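J.: Position one of the sequence shown corresponds to residue 15 (my numbering), numbered consecutively onward. Built from N, CA and C at the ideal position, the CB exists for glycine as well. Remember, it's a predicted structure, so these values are computed and weren't measured experimentally.
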Amino acid sequence: MFRYDPRKPKWSQIAEEIRRRIDTGEYDAETLLSEVAMEEEFQVSRPTVRKAMKVLRDQGWVVTSQGIGSFPTTAEERAANPSASQ
15 MFRYDPRKPK WSQIAEEIRR RIDTGEYDAE TLLSEVAMEE EFQVSRPTVR
65 KAMKVLRDQG WVVTSQGIGS FPTTAEERAA NPSASQ
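(1) Quick check: the region 79–87 against the region 52–65, are at least 3 beta-carbon pairs closer than 8 Å?
(2) Per DSSP, what kind of secondary structure is residue 23 in: helix, strand or coil?
(3) What did DSSP end up calling residue 63 once you bin it into helix, strand or coil?
(4) Less than 8 Å between the beta carbons of residue 76 and residue 24, yes or no?
(5) If the criterion is Cβ atoms closer than 8 Å, does the pair residue 74 and residue 92 meet it?
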């Protein structure tokens, strides 16, 4: 079970964990990032997962296509996008 730091928002900690998994290669560009699976794994509500995913999209760590799903970006894609940040 994921352990939360009570001093930080859960959505922020989830986003950090997803970034870590992408950075280490645990999640590659073909990994479907399912909101339902994240709700279950992190034991949070859908809005919390959606906020974490929005931050990851805004930072360039995740790309979402309507009707297809959300997937991690590659390091090369993040490097090519100057607006991507941590």
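T.: In short, the structure shows the following:
(1) The region 52–65, when compared against the region 79–87, does not touch it at the 8 Å Cβ threshold.
(2) coil
(3) helix
(4) Note that the C-beta distance between residue 76 and residue 24 is not below 8 Å.
(5) Taking 8 Å as the Cβ cut-off, residue 74 and residue 92 qualify as a contacting pair.
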